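Just below is one structure, and these are the notes that go with it.
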Amino acid sequence: MSSTAEFDLVITNGVCVTASDVAAWDLAIKDEKIVLQAPSGSLIKANSKRIIDARGGYVMPGGIDCHVHLEEPAIYFKGSTGRSADSWETGTRSAAAGGNTTVVAFAPQRKGEDNSLLSAVNATHKLATGNCYTDYGFHVIISDTSPEVLSELKSLKSEEGISSVKIYMTYTALQLRDDQILSILLEARQNEILTMIHAENGDVLNWLTDQLELQGKFAPKYHANSRPPILEAEATNRAIALSSLIANTPILLVHVSDPSASSRIRIAQSTGQPIFAETCPQYLFLTRDDLDKPGFEGAKCVCSPPPRTSADQDAIWTGLANGTFTVLSSDHCPFRFNDPVAGKNSCVTADHPVGQFRYIPNGLPGVETRLPLAFSAQRLALTKFVEMSSTNAANLYGLYPRKGAMIPGVS
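Once you know that position 371 of the sequence shown is 371 in the UniProt record's numbering, the rest is easy, because the numbers rise by one and skip nothing.
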């Protein structure tokens, strides 16, 4: 093909699917942007450096996985300096293999002398720059709510283009009090920043964990007992209430697993509150029974919130179809199984031959399997699949219509 080709890439004979439409079109791409949409088959002989005949296939906007943990410090171990398994290079390579063109990962605030949010962003940029197979963006995790830290939210958006932060209602190292959450919500509202919330009642689940250990219950399956659905539902309800106190500040409840929590979200949405919600494949394809696999295999399925029941899975699917959930993300956060420092089985010792579930790293892989799993299940309409996996995320995080769409001259 001539070096003076009109297009860099042509995709012909495919069925184009967006969040609103299914139609047969050819697409021409130049300089990484769609420049032409033409009748199906009309560009089969176009002057292009590369032509893909997509006959029999679907052409969709690239997936946007907006909940990905890469090279993050583990927070579950006694004095550990371990990290999650994937680097930015391996994680984004997996993302691309799974149909994603963008990931939005986390820049965790460092507690201590340098607790600056901008410093956290710079440190994470250093890990990501030059090591990515996809485009990437950041959410910032906030665990220190000092006035100096909160004053950085304005710069976070104006200087770094970051429009979202994440906070936790659980995990000792990250958990915030209600008054701290309110302070973040107030500052976030003033700067038009979305607050993502991990909603589980950390105080009660710590108490339940202690009670289970007093009964000699340490195995992976008891992780689900320590985090029952009511703790997620209570924290979800509380997060929605706190949002309403600050003039209905927009929040997104992440990795929702419990139908009671999703019902509370839907009620709030029906009254006009700006409440968004996310769920993940683990709550569509795993159940709590997977935590009770032979040996220590159940540890591979430990995540928080834990997988629920098959009936709960059906309710979460319904929430995806009816619009309760805004996005389907992976919450990709894998840990190696055999790693003496940060492995899933690092808590198996002579004193605890069945491990201690409280020290099992919480997290599963998913950035590569999110789209294939959801698509193959055939429980979502094609347009809803694109909406959940790409378009809504682009809208939420300021990427639309460059991402999440197939619009000539823009996407």
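Even glycine gets a Cβ: it sits at the ideal position worked out from N, Cα and C. Quantities reported herein were computed from a predicted structural model and do not represent experimental measurements.
- Judged by DSSP in its simplified three-state form, Lys-126 adopts helix.
- Contact between the stretch 31-43 and the stretch 58-67 is absent: fewer than 3 CB-CB pairs across the two stretches fall below 8 angstroms.
- Per DSSP, reduced to three states, the secondary structure at Ser-263 is helical.
- Counting C-beta atoms within 10 angstroms of its own C-beta, His-125 has fewer than 16 neighbours from the protein chains shown and is therefore classed as exposed.
- Thr-134 is not a Cβ neighbour of Val-104, given a cutoff of 7 angstroms.
- For Ala-46, the closest alpha carbon among the candidates Val-17, Arg-55, Ala-28, Ala-374 is that of Ala-28.
- Remark: C-beta atoms of Asp-258 and Pro-229 approach each other more closely than 7 angstroms.
- Residue burial is scored here from C-beta neighbours: Ala-311 has fewer than 16 other C-beta atoms within 10 angstroms and is therefore classed as exposed.
- In this structure, the CA atom of Val-204 is about 21 angstroms from the CA atom of Thr-309.
- At a Cβ-Cβ threshold of 7 angstroms, Asn-131 and Trp-88 count as neighbours.
- When C-alpha distances from Ser-226 are compared across Pro-305, Ala-235, Ser-158, the shortest belongs to Pro-305.
- Across the structure, Lys-111 and Val-367 are spaced so that their CA atoms are roughly 28 angstroms apart.
- The three-state secondary structure of Thr-391, taken from DSSP, is helix.
- Distance check between Ile-162 and each of Phe-335, Lys-154, Tyr-168 places Lys-154 closest, using alpha-carbon atoms only.
- Taking a cut-off of 8 angstroms for Cβ pairs, the stretch 209-216 and the stretch 280-297 do not touch, as fewer than three such pairs fall below it.
- Per DSSP, Tyr-168 is one residue of the beta strand (DSSP E) stretching across 164-168.
- The beta-carbon distance between Phe-285 and Leu-382, rounded to whole angstroms, is 20 angstroms. This is too long to meet the 8 angstroms contact definition.
- Inclusion of Gly-82 and Ala-95 in the CB contact set at 7 angstroms is not warranted, their separation being larger than that value.
- Straight across, the Cα-Cα distance linking Thr-369 with Gly-98 is about 6 angstroms.
- A contact between stretches requires three or more CB pairs, one per stretch, nearer than 8 angstroms, and the stretch 191-200 meets this requirement with the stretch 165-175.
- Of the candidates Ala-393, Gly-319, Pro-361, the residue whose Cα lies closest to the Cα of Cys-301 is Pro-361.
- DSSP places Tyr-136 outside any alpha helix (DSSP H); the residue lies instead in the beta strand (DSSP E), whose first and last residues are 135-141.
- In this structure, the CA atom of Leu-176 is about 12 angstroms from the CA atom of Ala-239.
- As DSSP reads the structure, Met-196 sits in a beta bridge with Lys-166, Leu-252.
- Here the alpha carbon of Phe-325 sits roughly 28 angstroms from the alpha carbon of Asn-206.
- Assignment of beta strand (DSSP E) within the stretch 28-73, counting only whole runs of 3 or more residues, yields 33-39, 51-53, 63-68 in chain order.
- Excluding its 5 nearest sequence neighbours in each direction, Thr-145 has C-beta neighbours in its own chain below 7 angstroms: Leu-176, Gln-180, Ser-183, Ile-184, listed in chain order.
- Annotation: the continuous beta strand (DSSP E) that includes Gly-14 extends over 9-17.
- Straight through space, the alpha carbons of Leu-328 and Leu-245 are spaced by roughly 28 angstroms.
- Inclusion of Gly-57 and Gly-14 in the CB contact set at 7 angstroms is warranted, their separation being smaller than that value.
- CA-CA distance, Ala-5 to Pro-39, rounds to 20 angstroms.
- Comparing C-alpha distances from Thr-170 to each of Leu-231, Ser-48, Gly-91, Ser-151 shows the shortest one belongs to Leu-231.
- By the beta-carbon neighbour count (other beta carbons within 10 angstroms, threshold 16), Gly-137 is buried.
- Here the C-alpha atom of Ser-260 lies approximately 19 angstroms from the C-alpha atom of Pro-274.
- Each residue's CA atom was taken as its position, placing Leu-320 and Met-388 some 8 angstroms apart.
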